[in-house]
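Engineer: I have a structure I would like to understand better, so I am pasting it below and will then ask my questions one at a time.
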Amino acid sequence: MNRKKRTGQILLLACILALGSGTWGCAQGTGRQVVSPGQGTAVQEKQSPEKPAMESRPIAFTDRRRRLIREYARIHYGREMETIVPQAVVVHWTASDSRDGVYRYFYNEENPHLRNGTLNVASHFLVDRDGTIWQLTPETALNRHAIGLNWCAIGIENVGGVDGREDLTRAQLEANVNLIRYLRGKYPTIQWVLGHYQQDQARHTSLWKENVPGYYHGKTDPGPRFMAGLKEQLAGEGVKFF
């Protein structure tokens, strides 16, 4: 082998080793640190299960929403932040049978009728009756969807629950299971899955943070039956439930 060819092979090997061990990539099945946009907090990601089919339908996420997010965090958590390190998934129902109507409501960045900050409510994902998943915001965005838990929780909204009926579908259950598996695979910091109505139990854990006295609303979504289905489907996978 001539000297020029040997030198080229050595350089190629060095490049491969650098890519495998540096911050630009990692060997399959290992973890990597990702810094959330605008924050110094590193979110630990790892090789994730297959991403379920979903459509990207982003709501308005401008500098205005980011300012409102920081304001909300300052009021409720005592510090400005825009992103989260996910520790829990909170499951909701919309109390509406219109996916498009819910989307339009979430799209607005501000709601002047809300107290303790005018950031509008929104979840990260919206699941229709047939199991179609829409992703509305980045997974690590801080969204206003569950009092006391927004600083650490990804929210999944499910279309249904009008008048408090426990009518979420089998397709929605399967979509939620697949989405939760994907999120837990991607973010090993996620340990908990809870229904919005279980927030009272969460108040007695390290998940809960709320600086505003008396700021609390009782919830019923997504109902015990749906949560029992999630618990059954995710049994043995290390998920914590109430």
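Under mature numbering (1 follows the signal peptide of the UniProt record, and there is no 0), residues -27 to -1, 1 to 215 are what the sequence shown spells out, in order. In this text, a Cβ means the ideal position worked out from N, Cα and C, and glycines have one as well. Only a predicted model underlies this, so the values are computations on that prediction, with no experimental measurement involved.
Here's the rule: buried if 16 or more other CB atoms are within 10 angstroms of the residue's CB, otherwise exposed. What is G51?
Structural biologist: Exposed is the call here.
Engineer: Taking the alpha-carbon positions, what's the Y188 to G211 distance?
Structural biologist: For Y188 and G211, the distance between alpha carbons rounds to 31 Å.
Engineer: Using only CA atoms, which one of Y76, T105 and N89 lies nearest to I32?
Structural biologist: If we check each option's Cα against that of I32, Y76 comes out closest.
Engineer: Under 8 Å Cβ to Cβ from A144, same chain only, skipping five residues before and after it: list those, please.
Structural biologist: Cβ within range, chain order: R102, D103 and G104.
Engineer: Am I right that P59 and N151 are in contact with their C-beta atoms under 8 Å? What's the rounded C-beta distance?
Structural biologist: Contact doesn't hold; Cβ gap of about 17 Å is too wide.
Engineer: Would you identify the three-state DSSP class for F79, choosing helix, strand or coil?
Structural biologist: Looking at F79 - three-state DSSP - the assignment turns out to be helix.
Engineer: Alpha carbon to alpha carbon, how far is I106 from R30?
Structural biologist: Taking the straight line from one Cα to the other gives about 10 Å.
Engineer: Would you please state the rounded distance, in angstroms, between the beta carbons of A126 and V185? I believe it to be under 8 Å.
Structural biologist: Not really, about 17 Å apart at Cβ, beyond 8 Å.
Engineer: Just the C-alpha distance for L156 and G202, rounded to the nearest angstrom, thanks.
Structural biologist: Going from the Cα of L156 to the Cα of G202 covers about 18 Å.
Engineer: Is the stretch 91 to 100 in contact with the stretch 114 to 122, if contact means three or more CB pairs nearer than 8 Å?
Structural biologist: The stretch 91 to 100 is in contact with the stretch 114 to 122.
Engineer: Please classify T113 as buried or exposed, where buried requires at least 16 neighbouring CB atoms within 10 angstroms.
Structural biologist: Per the 10 Å Cβ criterion, buried.
Engineer: Whose C-alpha, out of E130, L180, I163 and R176, is nearest the C-alpha of F199?
Structural biologist: Looking at the Cα atoms, E130 is the closest of the given residues.
Engineer: Taking all protein chains shown into account, decide if Q1 is buried (16 or more other Cβ within 10 angstroms of its Cβ) or exposed.
Structural biologist: For Q1, the predicted structure reports a pLDDT of 31, less than 50, and the residue's modelled location is therefore unreliable. A value from the coordinates is still provided. The residue in question, Q1, is exposed, as its Cβ has fewer than 16 Cβ neighbours within 10 Å.
Engineer: When the Cα atoms are used, what is the spatial distance from E55 to A46?
Structural biologist: Cα to Cα, the separation comes out at about 8 Å.
Engineer: If you draw a straight line from the alpha carbon of L207 to that of R40, how long is it in whole angstroms?
Structural biologist: So the two alpha carbons sit approximately 37 Å from each other.
Engineer: Under the DSSP definition of a beta bridge, which residues are partnered with E183?
Structural biologist: Bridge partners of E183: none, in fact.
Engineer: Check whether the Cβ atoms of Y170 and D194 sit closer than 8 Å, and answer yes or no.
Structural biologist: Yes, Cβ-Cβ distance for Y170 and D194 is below 8 Å.
Engineer: Return the first residue and the last residue of the beta strand (DSSP E) that E53 is part of.
Structural biologist: First-last for E53: undefined, no H or E at that position.
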